[in-house]
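What follows is a short report on a single structure.
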Amino acid sequence: MNILVTGGAGYIGSTCVHQLVKAGYDVVVLDNLSQGHRAAVHPAAAFVRGDLDDRATIDDVMQAHRPDAVMHFASHTLVGESMEEPFLYLDRNVRCGLNLIRSAAAHNVERFILSSTANLFGTPEQVPIDASERIDPGSPYGESKFILERILHWMDALDTMRFAALRYFNAAGAAHEDLGEDHDPETHLIPIVLEVALGQRDGLSIFGDDYDTPDGTCVRDYIHVLDLADAHIRALEALGDGSCTYNLGNGRGYSVREVIETARAVTGRDIPATVSDRRPGDPDTLIASSDEIRDDLGWAPQYPALETIIETAWQWHQKHPHGYDD
Ligand code: UDP
């Protein structure tokens with residue numbers, strides 16, 4: 034099967050490409066390298082540098098590679114940024130996704146997998162969050178993903194293609210010591226904590242300790258990037274039976290303080306942290322119920338322990354202290 038992976042040079046996309054190649058799929062990556070890294074793309078995958086804003090580029094890739102399925106990772110993905118620059122999300126994210134879906138439909142691609150997000154649930158009424166939770170996106174970022182889910186809903190209803198929407202919680206960890214997370218600027222908790230451990234930052238800020246959680250800091254469900262990749266491949270294979278939407282997490286939450294404590298234990302380094310103001314848009318607690326994907330696809334996380342997640346990220350950061358520039 035030929036798979037077109039947009040954003041296949043990014044953190045989660047490149048890990049999925051790696052696992053797809055390992056599983057025997059033919060892969061073509063389409064990425065504008067605005068956030069991704071050419072070096073992160075598996076050498077066995079074809080690579081096209083291009084932007085999803087350009088419909089002709091997408092059509093060319095579709096014609097040249099005739100994919101059977103599309104995995105769509107390429108996206109702006111920051112909640113905070115989307116509150117400040119909403120049209121990067123409500124316009125560009127949506128437009129690029131729509132360009133891709135239209136081209137996929139025109140080229141008879143029958144399977145489409147969308148990276149979606151826990152931000153669809155805003156501040157959830159119930160935790161763990163299952164499929165029945167009310168959708169009320171917490172930001173323009175979450176809204177942009179929800180709009181794409183709805184477009185795909187209509188593609189399915191009109192019998193154009195089947196889709197899987199995978200709503201990630203907090204992706205973390207590294208596939209191996211040469212394939213990891215490298216954002217510029219970095220905003221995510223675990224890589225920031227490890228940059229402090231490496232001495233690249235003096236310390237980190239804990240964004241608020243007055244949340245309604247056991248230690249007052251936000252609780253998140255961290256999921257290993259290889260477990261996410263596994264879910265994508267299972268969903269890809271299951272799409273022959275119909276469309277699906279799943280929440281993806283470990284079903285267990287850790288507070289910001291617990292993440293820092295675990296990172297201190299894993300790295301053996303002092304990791305100075307001070308409490309600062311809350312970051313706008315952060316809900317108290319986000320924990321996934323992944324019962325549906327476990328029941329339907331037999332998915333189960335292989336790397337659920339926070340120690341393992343941080344340990345794998347630490348190996349990557351130690352070997353590549355400046356990311357893919359090293
Ligand atoms: N966080 C923090 N300090 C940082 C970065 C993140 O306290 O320097 C907190 C953030 O407020 C959130 C949690 O860590 O509660 C996870 O944030 P991250 O940006 O990694 O992922 P998000 O939950 O926004 O997807």
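With the sequence shown counted from 1, adding 33 to any position gets you this note's numbering.
Glycine residues also receive a C-beta, built at the ideal position from the N, C-alpha and C atoms.
Spatial distance of residue i from residue j (CA atoms)
i: Phe120; j: Gln68; result: 18 Å
i: Gly46; j: His75; result: 11 Å
i: Pro316; j: Asp92; result: 40 Å
i: Leu237; j: Gly286; result: 20 Å
i: His51; j: Glu210; result: 13 Å
i: Thr341; j: Leu185; result: 35 Å
i: Thr345; j: Thr295; result: 13 Å
i: Thr193; j: Ser115; result: 31 Å
Heavy atom of the ligand UDP within 6 Å of residue i beta-carbon
i: Val308; result: no
i: Phe240; result: yes
i: Thr246; result: no
i: Cys129; result: no
i: Asn132; result: no
i: Thr110; result: no
Neighbour-count burial assignment, residue i, 16 or more Cβ in a 10 Å radius
i: Pro218; result: exposed
i: Glu214; result: buried
i: Asn141; result: exposed
i: Gly301; result: exposed
i: His355; result: exposed
i: Leu191; result: exposed
i: Asp260; result: buried
i: Gly57; result: exposed
i: Gly232; result: exposed
i: Gly175; result: buried
Three-state secondary structure (DSSP) of residue i
i: Ile168; result: coil
i: Asn280; result: strand
i: Val308; result: strand
i: Phe145; result: strand
i: Tyr201; result: strand
i: Phe240; result: strand
i: Asp59; result: strand
i: Leu121; result: helix
i: Asn65; result: coil
i: Leu181; result: helix
i: Tyr44; result: helix
DSSP beta-bridge partners of residue i
i: Phe154; result: Answer is none; Phe154 lacks a bridge partner.
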